[in-house]
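Protein chains in written order, with this note's numbering: chain A, 1 to 299; chain B, 300 to 572.
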């Protein structure tokens with residue numbers, strides 16, 4: 001979905017698959033191996049190094065860094081702020097994204113194509129460009145403030161930059177496509193006759209939606225929530241630029257520990273906490289929907 | 300059907316209004332930046348009071364920015380080649396029937412770099428690449444970006460491979476082709492549109508990558524996103540609007556390219572069926 005533009009076309013064909021009998025298991029494995037080795041060495045190995053880094057001090061086991069995080073009110077506050085911002089981003093994205101996904105699934109394919117172009121154009125615009133746009137729009141002399149001043153709603157510029165609101169606006173804007181696309185991918189595969197049948201049996205439009213379409217779209221909603229929440233947890237560029245030091249989130253705290261205080265162990269411990277939250281979410285998702293279903297929602 | 304139960308088919312007006320507003324929210328920032336980049340004032344203003352190309356001139360006469368653009372381009376091309384070679388090969392392996400259950404596990408492993416939070420990736424790479432002397436090198440940048448681009452390539456190519464009729468491969472094999480000949484002569488040409496799209500996305504993934512680059516790039520290997528981030532940390536300069544607009548124009552160009560590829564994809568589909 002994130003890649004394809006064939007809005008409105010039907011479900012993807014599945015089942016038929018490539019090399020069947022003659023090529024043995026080992027030759028297929030050999031084709032996966034190079035990617036696997038590269039990722040293991042240059043992606044997963046560094047990530048796994050975070051754990052020993054955070055729990056060993058001179059080759060002795062210690063939990064002091066984790067204790068440090070949870071004993072310092074400032075750090076707890078930052079972690080809670082991060083989680084709060086991520087949950088808010090996810091919730092707002094769901095509220096804004098579901099109607100768009102729903103509309104996409106019921107309009108003619110030409111209209112859907114136009115809507116899709118807007119969504120994908122936004123998604124594929126550089127993250128820094130989008131963050132920069134929001135800095136320009138939200139700053140003291142920015143578009144929002146000029147607008148409010150011109151209308152006489154406020155008498156002097158409102159401080160929006162460097163507040164949680166600015167971070168929230170930026171994160172919602174950047175992650176919105178990740179909510180819309182998986183939900184749409186499920187909605188368009190739902191048989192329209194089901195809700196028509198419900199309505200012909202006397203259900204109102206609202207009831208048919210709440211009892212038929214909405215429950216059937218749960219896998220898409222779950223994928224959207226997973227993608228948005230996990231990505232927002234690790235957001236770095238946008239909170240750093242829109243929130244600054246006043247609205248510090250976990251990624252900014254990690255950055256500060258490593259670059260300002262050169263405290264690798266403490267930074268790693270924070271990274272491990274974020275990773276644990278991520279793994280927890282992925283585990284729950286895998287248990288109920290299966291990780292491989294996520295991939296289907298992306299194409 | 301539609302005429303008979305048109306009562307059920309009426310779409311609520313508020314849905315259109317809400318969606319219109321959301322779509323405006325999505326596209327507005329992009330639309331605001333372009334006119335601003337042509338402003339002549341020292342400050343950012345919207346709408347601009349005078350027209351000028353000074354920010355574009357600034358960009359094209361500043362060796363630091365030009366070098367960053369050149370770096371971005373070089374690293375993105377290398378990433379594209381590496382990620383597509385490895386990723387397409389992996390997708391062929393994963394979609395093969397012989398993989399059975401194991402394929403799923405590998406699939407998830409190859410998908411993870413697309414999902415895991417970027418800050419964790421960035422600090423862990425910064426730490427370990429530092430020990431390996433890869434910080435501030437092109438090799439380090441290309442390797443890191445390749446890890447992030449492989450999931451895109453695998454996902455895209457695998458999806459297309461599932462749609463290929465396996466009888467075509469079997470027919471080639473039964474006529475005496477080896478596995479690799481059959482893949483090269485039959486399967487790969489059939490998924491060519493997906494391969495082109497994969498190349499495009501691998502390129503864009505690297506070109507746009509910011510978080511890991513901010514950590515592991517140094518002055519000489521700085522890419523555009525890294526330089527933009529560093530300069531925006533200190534001030535919201537109007538000069539960035541010109542670069543941003545250029546990037547938006549590049550995205551638009553990529554979009555047009557994708558339309559062409561998609562058209563080809565449809566043509567290819569018609570040929571098969």
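Each residue gets a CB set at the ideal place from its N, CA and C atoms; glycine is no exception.
Bear in mind the structure is a predicted one, so any value in this text is a computation, not a measurement.
Sub-8 Å separation of residue 310 (chain A) and residue 388 (chain B) beta-carbons: Look at the range of chain A in this structure, 1 to 299, and you will see that residue 310 (chain A) is not part of it.
Interface flag, residue 388 (chain B) vs chain A, CB-CB below 8 Å: As a position in the second chain, residue 388 (chain B) is number 89, starting the count at 1. Chain A contact via Cβ: present.
Range covered by the alpha helix (DSSP H) that runs through residue 145 (chain A): Against the first chain, residue 145 (chain A) aligns to sequence position 145. That run of the alpha helix (DSSP H) goes 143 to 151.
Contacts that residue 53 (chain A) makes with chain B (C-beta to C-beta distance below 8 Å): The sequence position of residue 53 (chain A) within the first chain is 53, counting from 1. In chain order, 426 make up the part of chain B whose C-beta sits under 8 Å from the C-beta of residue 53 (chain A).
Simplified DSSP assignment, three categories, for residue 236 (chain A): Translated into positions along the first chain, residue 236 (chain A) becomes position 236. Coil at residue 236 (chain A), not helix or strand.
Collapsed DSSP secondary structure at residue 57 (chain A) in the structure displayed: Within the first chain, the letter at position 57 stands for residue 57 (chain A). Three-state DSSP puts residue 57 (chain A) in a strand.
Cβ pair count under 8 Å reaching 3, the region 225 to 237 of chain A against the region 163 to 183 of chain A: Contact between the region 225 to 237 of chain A and the region 163 to 183 of chain A is present, because at least three Cβ pairs lie under 8 Å.
Contact list for the region 130 to 144 of chain A against chain B, Cβ threshold 8 Å: 130, 131, 132, 133, 134, 135, 136, 137, 139, 141, 142 and 143
Residue 280 (chain A) versus residue 287 (chain A) - alpha carbon distance: Counted from its first residue, the first chain places residue 280 (chain A) at position 280. Counted from its first residue, the first chain places residue 287 (chain A) at position 287. Between residue 280 (chain A) and residue 287 (chain A), the C-alpha separation is close to 11 Å.
Proximal residues, the region 388 to 413 of chain B versus chain A, C-beta separation under 9 Å: Cβ contacts with chain A: 388, 389, 390, 391, 392, 393, 394, 395, 396, 397, 398, 399, 401, 402, 403, 405, 406, 407, 408, 409, 410, 411, 412 and 413.
Interface residues of the region 112 to 130 of chain A facing chain B [CB-CB below 8 Å]: Within the region 112 to 130 of chain A, the qualifying residues are 115, 117, 118, 119, 120, 121, 122, 124, 125, 126, 127, 128, 129 and 130.
Residues that residue 318 (chain B) contacts on chain A, provided the C-beta gap is smaller than 8 Å: Within the second chain, numbered from 1, the residue matching residue 318 (chain B) stands at position 19. The contact set of residue 318 (chain B) on chain A, defined by CB atoms closer than 8 Å, consists of 99, 100, 103 and 115 in chain order.
Option in B:363, B:516, B:345 and B:350 with minimal Cα separation from residue 141 (chain A): One-based indexing of the first chain puts residue 141 (chain A) at position 141. The residue with the shortest Cα to Cα distance from residue 141 (chain A) is B:345.
The region 544 to 556 of chain B in contact with the region 118 to 134 of chain A per 3-pair CB rule at 8 Å: yes
Proximity below 8 Å, CB of residue 136 (chain A) to CB of residue 527 (chain B): On the first chain, position 136 is the one that residue 136 (chain A) refers to. On the second chain, position 228 is the one that residue 527 (chain B) refers to. Result no, Cβ atoms of residue 136 (chain A) and residue 527 (chain B) do not sit closer than 8 Å.
Limits of the alpha helix (DSSP H) - the one that residue 64 (chain A) falls within: For the purposes of this step, residue 64 (chain A) is taken as the residue at position 64 of the first chain. Per DSSP, residue 64 (chain A) belongs to the alpha helix (DSSP H) from 64 to 71.
Neighbour-count burial assignment, residue 134 (chain A), 16 or more Cβ in a 10 Å radius: Taking the first chain and counting its residues from 1, the one referred to as residue 134 (chain A) is at position 134. So residue 134 (chain A) ends up on the buried side.
Chain B contacts made by the region 39 to 63 of chain A, where a contact means CB separation under 9 Å: 39, 40, 41, 42, 43, 44, 45, 46, 47, 48, 49, 50 and 53
Beta strand (DSSP E) runs contained entirely in the region 444 to 500 of chain B, provided each spans 3 or more residues: Runs of the beta strand (DSSP E) inside the region 444 to 500 of chain B: none found.
Inside the region 179 to 250 of chain A only - alpha helix (DSSP H) runs reaching at least 4 residues: 192 to 200, 205 to 208, 218 to 233 and 237 to 243
Through-space distance from residue 537 (chain B) to residue 276 (chain A), alpha-carbon basis: In the first chain, counting from the first residue as 1, residue 276 (chain A) sits at position 276. In the second chain, counting from the first residue as 1, residue 537 (chain B) sits at position 238. If I take the Cα positions, the gap works out to 40 Å.
Contact set for residue 357 (chain B): own chain, Cβ-Cβ below 6 Å, skip 5 residues either direction: In the second chain, the residue the question calls residue 357 (chain B) occupies position 58. Closer than 6 Å at Cβ, skipping near neighbours: 538.
Residues near residue 445 (chain B) by beta carbon distance below 6 Å, same chain, minus five either side: The residue given as residue 445 (chain B) occupies position 146 in the second chain. Cβ neighbours of residue 445 (chain B) beyond the five flanking positions: 378, 381 and 382.
Short CB-CB distance (under 8 Å) between residue 357 (chain B) and chain A: The residue labelled residue 357 (chain B) in the question sits at position 58 within the second chain. For residue 357 (chain B), no Cβ of chain A is located within less than 8 Å of the residue's own Cβ.
Residue 532 (chain B) classed as buried or exposed, judged by whether at least 16 other C-beta atoms fall within 10 angstroms: Translated into the one-based positions of the second chain, residue 532 (chain B) becomes position 233. Residue 532 (chain B) comes out exposed.
Chain-ordered chain B contacts of residue 224 (chain A) [CB-CB under 8 Å]: Position 224 of the first chain holds residue 224 (chain A). Going along chain B, no residue has its Cβ under 8 Å from residue 224 (chain A), so there is no contact; the nearest lies around 13 Å.
Spatial distance of residue 227 (chain A) from residue 457 (chain B) (CA atoms): As a first step, residue 227 (chain A) is located in the first chain; it is residue number 227 there, counting from the start. As a first step, residue 457 (chain B) is located in the second chain; it is residue number 158 there, counting from the start. Cα to Cα, the separation comes out at about 20 Å.
With 16 other Cβ atoms within 10 Å as the buried cut-off, status of residue 261 (chain A): Here the question's residue 261 (chain A) lines up with position 261 in the first chain. By the neighbour-count rule (16 or more Cβ atoms within 10 Å), residue 261 (chain A) is not buried but exposed.
Partner residues on chain B for residue 299 (chain A), Cβ-Cβ distance less than 9 Å: Against the first chain, residue 299 (chain A) aligns to sequence position 299. Chain-order list of chain B residues neighbouring residue 299 (chain A): 454, 455, 457, 458 and 459, by C-beta distance under 9 Å.
Residues from the region 80 to 93 of chain A in contact with chain B, defined by Cβ distance under 7 Å: none
Assigned exposure category for residue 153 (chain A) - 16 Cβ within 10 Å defines buried: Position 153 of the first chain, counting from 1, holds the residue named residue 153 (chain A). Looking at its Cβ environment, which holds fewer than 16 other Cβ atoms inside 10 Å, residue 153 (chain A) is exposed.
Short Cβ contact (8 Å threshold) for residue 239 (chain A) with residue 167 (chain A): Mapped onto the first chain, residue 239 (chain A) falls at position 239. Mapped onto the first chain, residue 167 (chain A) falls at position 167. Yes, Cβ-Cβ distance for residue 239 (chain A) and residue 167 (chain A) is below 8 Å.
Outcome for residue 246 (chain A) when other beta-carbon atoms lying within 10 angstroms are tallied against a minimum of 16: If you number the first chain from 1, residue 246 (chain A) lands on position 246. Around the CB of residue 246 (chain A), fewer than 16 other CB atoms lie within 10 Å, so the residue is classed as exposed.
Any chain B beta carbon closer than 8 Å to residue 31 (chain A): To locate residue 31 (chain A), count along the first chain from 1; it is residue 31. By this cut-off, residue 31 (chain A) is an interface position.
At least three beta-carbon pairs within less than 8 Å, the region 424 to 434 of chain B to the region 478 to 490 of chain B: Taking 8 Å as the limit for Cβ pairs, the verdict is that the region 478 to 490 of chain B does not touch the region 424 to 434 of chain B.
Touch test, the region 462 to 470 of chain B against the region 55 to 64 of chain A, Cβ-Cβ under 8 Å, three pairs minimum: no
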